[in-house]
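Novice: Mind looking over this structure? Questions follow.
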Amino acid sequence: MYFEEFVVGKQVVSPARTITEADIVSFAGISGDYTSIHTDAESVKDGPFGQRVAHGLLIVSIASGLAARTGIIEGTVLAFREIKSWKFSLPVFIGDTVHVIMEVKEKKALPRLGGGSVNLSLDIRNQDDKTVMKGIWHVLIQSKPEGS
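In structure tokens, the structure reads:
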């Protein structure tokens with residue numbers, strides 16, 4: 033969608049995605065974060081969650097992919113400018129399935145940048161429809177080409 037097509041208050045729901053052990057292992061390798069709460073099944077058995085927890089930033093990254101899969105930013109996002117007020121509410125475990133509910137909160141035309149600023153609230157929910165993370169993404173979206 034182009035900047036002009038974003039409507040404040042509009043909500044979009046992403047497809048869902050199940051978190052796998054391979055996701056966690058791959059993210060640990062990419063990020064270098066091998067903290068035991070994410071990677072050591074034995075040491076966390078007696079911990080507060082009783083099992084490994086997905087990296088918070090892995091879930092943020094997956095949310096980015098889920099947002100892209102909705103098509104609303106495909107081909108028109110110019111920049112990811114800021115994450116605001118991000119809150120990690122619940123752990124995400126191997127086997128959990130997450131989806132994203134996005135809502136357009138604010139928009140501002142920035143013609144000199146070829147588009148406009150859009151603030152999207154993201155609510156990442158698990159298979160029980162409980163919020164695991166939420167916050168605001170500030171993105172720069174391309175304007176419609178002249179004559180379109």
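Counting from 33, one number per residue, gives the positions in the sequence shown under the working numbering. Cβ atoms here follow ideal geometry from the backbone N, Cα and C, with glycine treated the same way.
1. List the whole-angstrom C-beta distance separating residue 152 from residue 133, where the pair is believed to meet the contact cut-off of C-beta under 8 Å.
2. Among 33, 76, 45 and 171, whose alpha-carbon lies nearest the alpha-carbon of residue 161?
3. Leaving out five residues before and five after residue 90 in sequence, what residues of the same chain have Cβ atoms less than 6 Å from its Cβ?
4. Is the beta carbon of residue 42 less than 8 Å from the beta carbon of residue 135?
5. Which value, in whole angstroms, describes the spacing of the CA atoms of residue 129 and residue 159?
6. Pull up the DSSP beta-bridge partners for residue 49, would you.
7. For residue 99, count the other beta carbons within 10 Å of its own beta carbon; 16 or more makes it buried, fewer makes it exposed. Which is it?
8. In three-state DSSP terms, what is residue 115?
Specialist: A quick look at the data gives this:
1. The Cβ separation is near 10 Å, so there is no contact.
2. 45
3. 59
4. yes
5. 5 Å
6. 130
7. buried
8. strand
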